[in-house]
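**Q** Chains as they are written, first to last, in the numbering used here: chain A, 1 to 595; chain S, 596 to 1190. Backbone N, C-alpha and C define an ideal beta-carbon position, used for all residues, glycine too.
Right, here's the structure in full:
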């Protein structure tokens, strides 16, 4: 562990010592292993042997921690020999393993002592534990393999967090509670946007009607946006022949993410983990001229990639997902403009979605690493990386650079979004590929009539509709802007007498491509409003005797009224039905976040 | 073979004897096997041993057939004993096998002799071969397994056709040539609508940009139509757990159409051959009340079903295809209205598509057959079959009834469309299912508060987008109505000077969701028109100096002109650009077939 980390990390790491000390007093046979600080707190992994601990034990452990902290005046460092360290931890195989490794690498072995508690540790603590180890909370218990390897023993991980002040802690805990309420799994279930059924399979979400309606709006939006930029769209099958993945190289470098093959008439087929091989095949179907370039082939491509059951998480980590994928084939001279265009599209897209929580990361090669020698020359990498960097700079975009995070086949720009728990995941990407043009022997006829190799850009504005939806749900807490809300308006007849009129209103809205529902239950208006409010429907149309133009019901083109209520609980009062439609359409066209 | 078949069949069967006689004179070692009449002609299968024959041999065989026919005065029937028959055909294992079977079944064994040629045959010939076996043509050669079983030897099949008069023959041959020109595989390739790549896999079509653009229009159309009828849409994954298909019964009764499983963490998953199991799972996700019924869950579900390589055919017979699928859950009382509604939707759909070549088939159970005793009671079958029949009658729809063609789980109405070769294939279906509601133990709470089993209707207006497209392409010979044409308008600038203006026109059309292309090649206007004509683009917009409002180019909202030419070669002359857009939109809204 490094000594130059932040004070908050030192505080958290110190708290993990305190947690281990408390656990050892309560379960003397428990074996502590590792306890690092993490993004929002800390954890410590223990081997509890036969003892079972549950989340009900956490308050007791916290109590013990407070008690012990009183006696902790500081962390005393002591350099020890491997022999002494092994002797001290002779009953703890995990620590013994770590000591052996440190000794093998001829690194310093240090103990840190606070109160009666001694831990094998690289350092990174606070100076005055007694005063500072106060505002903490243990949060949860989870299983974790020793060193993250599933071949090893499953340990018990206790998560906690600590802050310098009580106010910060309680704010954090409140946010966490809020996040739980608005996390995409909770809201996705409550709002019936998607479901994951054990009968169908883990990591294989089903888009329920409301989720699919939203997805369809975003797909349509994307097609229009992309067509405006000269894209065309294809659709390729979900299984492809083995040879195609040999040509692409996926069966060499990506097979751990691929599922087992299906044999059909002595020929192996794989669920496609990426859409690229089919995209390359379409490019190759005819001779391409420099006059045709750039060619931009988009695909809503559903791919299947292996994830361990334990790593699956709602819509965020799944086994099958659909990308808003595209491959751009261009000349070297066109590359910078094409990257710029993708950035332009990203910014339009995020703006239209009202999406602000994202950041750019430039993922670069590490010239020292072997994997970056596999494709492309060093000059090629430098040029491509510089091209990406220049585009980001020219757009005055803030970005971080990550050396060694590039794909083996080329550098890329990733866009990360932050979820309700403050964690980031990639939502969009633009990548330069040195690999596939070679492997598929792509070419175009240049101005001199010679065959020339095109550049290939991989690009996904929505890297995964599933993951993107997880962010969208959390970002909007389910109160989606009207243009992509699953139900844009809900009609609430005051009595059954108004049903006929309500149905006329519904039919007219459907004709106008507005997503609408009718609450035809024999319930009070109050209950109907409450229900629509819970469903976060942007507009409620209340129709009673005063709104219905006549007892016969709705008259197309006639004078029809509706009383409009917003999900914000604001009442717009009675208005002309035609005017309401115009207003709604205006909000839709403007992609307005407000109603 | 039956003796009561039509004269045309007798003529064609007689011609197959003549073909065999000619082949035997030319290749004395060839073994004739079977030679029946078929829908548009006849064939005869031969084992040629080591000899190789090609389509270049066909004219020579025809010549020989004409020569032999001169000596054929009639077909003489002779009843023979099995011994005599075996002796005569002792060198022909195929005929020997047939003789043995006839003898085993104690059926008559008959020879038919015409000229010097004797064949084992059940009869069905014309009386005056010399005069009538004249107007024939051998068409093609194909491989065919003995008795259609791939475990048997591959034989050589020669296809031919014959008509009573030369005029009919030449008309048929002309139609055939026309059909070849407009068959969906030829046009699909020429127009770049779809492609099947050997690298990706046989039977796994890729939708190319123009095909996908059309598919997207039809999907959007279908969503709107279905939403109007109260449907909601889901999307389920392409692989489902093994247990789901055990529950549904697919792994018992449908596994021959399913591909081998994929194992993920010791759990088997199958590519879904049907969307029903996931649909049932979504129904079951919560308690349903009689007030919620009918529930109509639609899905553009892509399914994978096994077909032998030899049986694959363009988009008509594939291994992976997408259904415009839906499941309707309703009470017994609602069933007839729901079937009626599906018929209503079919008729709207075919009308909107301008589709007239279709026919209804009522597929019924055969009470004698074992498979119809597996699900549902006899009374249930009778009632359901009668319900379907009544709906067809009430709509004054012509239909044929096919006993024994029902699914084992319930009766159905299929809609068949005819392709350019005159063959029919199912495009839509509506089916009652006695099986899945039981197997998934579906229920709803009825008015008395009791659990009651719902009825399930399977329904697909587009049973397969792939197959439906094959019909559409052939039906319209590629000249699609403007509302779903892949490119609705193509802009043809007269000189490069007009490019800027042309791009302004294009951008405005894209903004208005019109699918448009720009021919920016430095070609003559004549060549550009020829190209657009070949691509069957409905509207060509010719823009030259006279159309451009000013040298600076297009002015949004300003006075902009275009010269409009139709693919029918009709010239509409110069018109206001806004007026052109209004006209085009009117044709789109009206789903007009004419421009």
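Report the neighbours of residue 197 of chain A on chain S: residues whose CB is nearer than 7 Å to its CB, in chain order.
**A** One-based indexing of the first chain puts residue 197 of chain A at position 197. In chain order: 876.
**Q** What is the rounded straight-line gap between the Cα of residue 507 of chain A and the Cα of residue 556 of chain A?
**A** Mapped onto the first chain, residue 507 of chain A falls at position 507. Mapped onto the first chain, residue 556 of chain A falls at position 556. Whole-angstrom Cα-Cα distance: 10 Å.
**Q** Please report how far the alpha carbon of residue 921 of chain S lies from the alpha carbon of residue 1008 of chain S, in whole angstroms.
**A** What you label residue 921 of chain S is simply residue 326 of the second chain in a count that begins at 1. What you label residue 1008 of chain S is simply residue 413 of the second chain in a count that begins at 1. Looking at the two C-alpha atoms, the distance is approximately 15 Å.
**Q** What is the residue span of the alpha helix (DSSP H) that residue 1121 of chain S lies within?
**A** The sequence position of residue 1121 of chain S within the second chain is 526, counting from 1. 1120 to 1129 is the extent of the alpha helix (DSSP H) around residue 1121 of chain S.
**Q** Can you tell me where the alpha helix (DSSP H) with residue 342 of chain A in it begins and where it stops?
**A** As a first step, residue 342 of chain A must be located in the first chain, where it is residue number 342. Looking at the DSSP string, the run of the alpha helix (DSSP H) that includes residue 342 of chain A is 335 to 352.
**Q** Return the chain-ordered ranges of every alpha helix (DSSP H) run that is complete within the segment 224 to 309 of chain A and spans a minimum of 4 residues.
**A** 242 to 248, 250 to 253, 276 to 283, all fully within the segment 224 to 309 of chain A.
**Q** Pair every Cβ in the segment 219 to 226 of chain A with every Cβ in the segment 861 to 871 of chain S, then say whether three or more of these pairs are closer than 8 Å.
**A** No, the segment 219 to 226 of chain A does not touch the segment 861 to 871 of chain S.
**Q** In terms of residue numbering, what span does the alpha helix (DSSP H) encompassing residue 1064 of chain S cover?
**A** Position 469 of the second chain, counting from 1, holds the residue named residue 1064 of chain S. Looking at the DSSP string, the run of the alpha helix (DSSP H) that includes residue 1064 of chain S is 1060 to 1071.
**Q** Could you tell me whether the Cβ of residue 1021 of chain S comes closer than 7 Å to any Cβ of chain A?
**A** For the purposes of this step, residue 1021 of chain S is taken as the residue at position 426 of the second chain. Not closer than 7 Å to any Cβ of chain A, the Cβ of residue 1021 of chain S fails to qualify, so no.
**Q** Could you please tell me which residues of the segment 212 to 238 of chain A, in chain order, have their CB closer than 8 Å to any CB of chain S?
**A** Going along the segment 212 to 238 of chain A in chain order, one finds 212, 213, 215, 216, 220, 223, 224, 227, 228, 232, 233, 234, 235, 236, 237, 238 with a Cβ nearer than 8 Å to chain S.
**Q** Any contact of the segment 923 to 942 of chain S with the segment 1054 to 1062 of chain S, i.e. 3+ C-beta pairs under 8 Å?
**A** With the cut-off at 8 Å, the segment 923 to 942 of chain S and the segment 1054 to 1062 of chain S touch.
**Q** When you compare each of S:751, S:689, S:842, S:638 to residue 647 of chain S by their alpha carbons, which one comes out closest?
**A** For this step, residue 647 of chain S is matched to residue 52 along the second chain. Of the listed residues, the one whose Cα sits closest to residue 647 of chain S is S:751.
**Q** Determine contact between the segment 1068 to 1079 of chain S and the segment 1091 to 1101 of chain S, defined as no fewer than three beta-carbon pairs at a distance below 8 Å.
**A** Not touching, per the Cβ criterion.
**Q** Short check: CB of residue 500 of chain A to CB of residue 553 of chain A, under 7 Å?
**A** Taking the first residue of the first chain as 1, we reach residue 500 of chain A at position 500. Taking the first residue of the first chain as 1, we reach residue 553 of chain A at position 553. Contact flag set, yes.
**Q** Taking the CB atoms as reference points, tell me whether residue 314 of chain A and residue 470 of chain A lie closer together than 7 Å.
**A** Counted from its first residue, the first chain places residue 314 of chain A at position 314. Counted from its first residue, the first chain places residue 470 of chain A at position 470. Cβ distance < 7 Å, so residue 314 of chain A and residue 470 of chain A count as in contact.
**Q** Hey, which unbroken runs of the alpha helix (DSSP H) at 4 residues or more fall wholly within the segment 1020 to 1099 of chain S?
**A** Listed in chain order, they are 1031 to 1034, 1060 to 1071.
**Q** So with Cβ pairs under 7 Å, would you call residue 320 of chain A a contact of chain S?
**A** Counting from 1 along the first chain, the entry for residue 320 of chain A is found at position 320. Yes, its Cβ sits closer than 7 Å to a Cβ of chain S.
**Q** Examine the Cβ distances between the segment 742 to 761 of chain S and the segment 717 to 732 of chain S and report whether three or more of them are shorter than 8 Å.
**A** Short answer: they touch.
**Q** How long is the line joining the alpha carbons of residue 684 of chain S and residue 735 of chain S, rounded to whole angstroms?
**A** Taking the second chain and counting its residues from 1, the one referred to as residue 684 of chain S is at position 89. Taking the second chain and counting its residues from 1, the one referred to as residue 735 of chain S is at position 140. Computed Cα separation, rounded: 27 Å.
**Q** Residue 1038 of chain S and residue 1030 of chain S: beta carbons closer than 7 Å?
**A** Start at 1 with the first residue of the second chain, and residue 1038 of chain S comes out as number 443. Start at 1 with the first residue of the second chain, and residue 1030 of chain S comes out as number 435. No. Outside cutoff.
**Q** Is the segment 821 to 830 of chain S close to the segment 208 to 217 of chain A, with three or more CB pairs under 8 Å?
**A** Yes: the two stretches touch, three or more of their Cβ pairs being nearer than 8 Å.
**Q** Can you find a CB in chain S that lies within less than 7 Å of the CB of residue 207 of chain A?
**A** For the purposes of this step, residue 207 of chain A is taken as the residue at position 207 of the first chain. By this cut-off, residue 207 of chain A is an interface position.
**Q** What whole-angstrom Cβ distance do residue 488 of chain A and residue 538 of chain A have, given they're in contact under 8 Å?
**A** Within the first chain, numbered from 1, the residue matching residue 488 of chain A stands at position 488. Within the first chain, numbered from 1, the residue matching residue 538 of chain A stands at position 538. That pair is a contact at about 6 Å.
**Q** Per DSSP, what are the beta-bridge partners of residue 1175 of chain S in this structure?
**A** Stepping through the second chain from its first residue, residue 1175 of chain S is reached at position 580. Answer is none; residue 1175 of chain S lacks a bridge partner.
**Q** Here's the rule I'm using: 16 or more other beta-carbon atoms within 10 Å means buried, otherwise exposed. How should residue 455 of chain A be labelled?
**A** Counting from one through the first chain, the residue named residue 455 of chain A turns up at place 455. Counting Cβ neighbours within 10 Å, residue 455 of chain A comes out buried, since at least 16 surround it.
**Q** Tell me, which residues are paired with residue 973 of chain S by DSSP?
**A** Your numbering for residue 973 of chain S matches position 378 in the second chain. Residue 973 of chain S pairs with nothing; no bridge assigned.
**Q** In terms of DSSP beta bridges, what is residue 1010 of chain S paired with?
**A** Your numbering for residue 1010 of chain S matches position 415 in the second chain. Looking at the DSSP assignment, residue 1010 of chain S forms a beta bridge with S:955, S:1023.
**Q** Tell me the residue span of the alpha helix (DSSP H) that contains residue 160 of chain A.
**A** Taking the first residue of the first chain as 1, we reach residue 160 of chain A at position 160. Per DSSP, residue 160 of chain A belongs to no alpha helix (DSSP H); it is in the beta strand (DSSP E), 154 to 163.
**Q** Would the segment 173 to 182 of chain A count as touching the segment 192 to 203 of chain A if we require 3 or more Cβ pairs under 8 Å?
**A** In short, these stretches do not touch, since the Cβ pair count stays below three.
**Q** Quick one: give me the first and last residue of the alpha helix (DSSP H) that residue 908 of chain S is part of.
**A** Stepping through the second chain from its first residue, residue 908 of chain S is reached at position 313. Taken as a continuous stretch (DSSP letters only), residue 908 of chain S belongs to no alpha helix (DSSP H), as it is neither H nor E.
**Q** Say whether the segment 679 to 698 of chain S touches the segment 713 to 721 of chain S, bearing in mind that this needs 3 or more beta-carbon pairs closer than 8 Å, one atom from each stretch.
**A** Flag = yes, the segment 679 to 698 of chain S and the segment 713 to 721 of chain S touch.
**Q** Return the Cβ separation of residue 540 of chain A and residue 521 of chain A in integer angstroms, given the expectation that the two are a contact with Cβ distance under 8 Å.
**A** Here residue 540 of chain A is taken as the residue at index 540 of the first chain, counted from 1. Here residue 521 of chain A is taken as the residue at index 521 of the first chain, counted from 1. Wrong, their Cβ atoms sit about 14 Å apart, outside the cutoff.
**Q** Please list the partners that residue 599 of chain A has in chain S, where partner means a Cβ-to-Cβ separation under 7 Å.
**A** Residue 599 of chain A is absent from the structure shown; chain A starts at 1 and stops at 595.
**Q** Nearest chain D C-beta to residue 839 of chain S closer than 7 Å, yes or no?
**A** The structure shown contains no chain D; the protein chains it does contain are A and S.
**Q** Is residue 149 of chain A helix, strand or coil by DSSP?
**A** Along the first chain, read from residue 1 onward, the residue named residue 149 of chain A stands at position 149. Three-state result, residue 149 of chain A: coil.
**Q** Along the alpha helix (DSSP H) that carries residue 675 of chain S, what are the first and last residues, could you check?
**A** Taking the first residue of the second chain as 1, we reach residue 675 of chain S at position 80. Unbroken run through residue 675 of chain S: none, as it is neither H nor E.
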